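Q: Below you'll find the structure I mean.
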Amino acid sequence: MNASDILYERYLQLSQTVDIFDMTEYAKDWQRLGNDAARLGLVARADQCYSHAKHYSEIEGGNYYRIVDGCLAELIAAAPTGTRGGATE
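The structure is reproduced here in structure tokens:
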């Protein structure tokens, strides 16, 4: 696998994530992926990743389930902010 293939695998993994345990970290993962794509000269892929990073960074941190139906996705908060699995952090 070359660097572009590895980057694409990471893209697929993030885009298919269902359990988001920390929305802030998830947004940072998209940002890091965008940075890596930009370093490889994959401008369009970097822009896609940055767009995802911006979108997810605007959502309150916490644990979410991402329900995907075709090209549509819905985020459902799994626990109130500051809690995980019902236990206060």
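Using the numbering used here, the letters of the sequence shown correspond one by one to residues -13 to 75.
A virtual CB, placed ideally from N, CA and C, is assigned to each residue, including glycine.
Small disclaimer: the values here were computed from a predicted structure and weren't measured.
What distance in whole Å lies between the Cβ atoms of residue 13 and residue 37, which are believed to be in contact at a cut-off of 8 angstroms?
A: Contact doesn't hold; Cβ gap of about 11 angstroms is too wide.
Q: Could you tell me the alpha carbon to alpha carbon distance between residue 24 and residue 30, rounded to whole angstroms?
A: C-alpha separation (whole angstroms): 9 angstroms.
Q: What distance in whole Å lies between the Cβ atoms of residue 59 and residue 52, which are believed to be in contact at a cut-off of 8 angstroms?
A: Going by Cβ atoms, the distance from residue 52 to residue 59 rounds to 6 angstroms, so yes, they are a contact pair.
Q: So what does DSSP say about residue 24, is it helix, strand or coil?
A: Reduced to three states, the DSSP call for residue 24 is helix.
Q: Could you compute how far the alpha carbon of residue 6 sits from the alpha carbon of residue 61?
A: Taking the straight line from one Cα to the other gives about 9 angstroms.
Q: To the nearest angstrom, report how far apart residue 46 and residue 32 are at their CA atoms.
A: Cα-Cα distance, rounded: 23 angstroms.
Q: On the DSSP letters alone, give me the boundaries of the beta strand (DSSP E) that residue 60 sits inside.
A: From DSSP, the beta strand (DSSP E) with residue 60 extends over 58 to 63.
Q: Report yes if the C-beta distance between residue -10 and residue 28 is below 8 angstroms; otherwise report no.
A: Going by C-beta atoms, residue -10 is nearer than 8 angstroms to residue 28.
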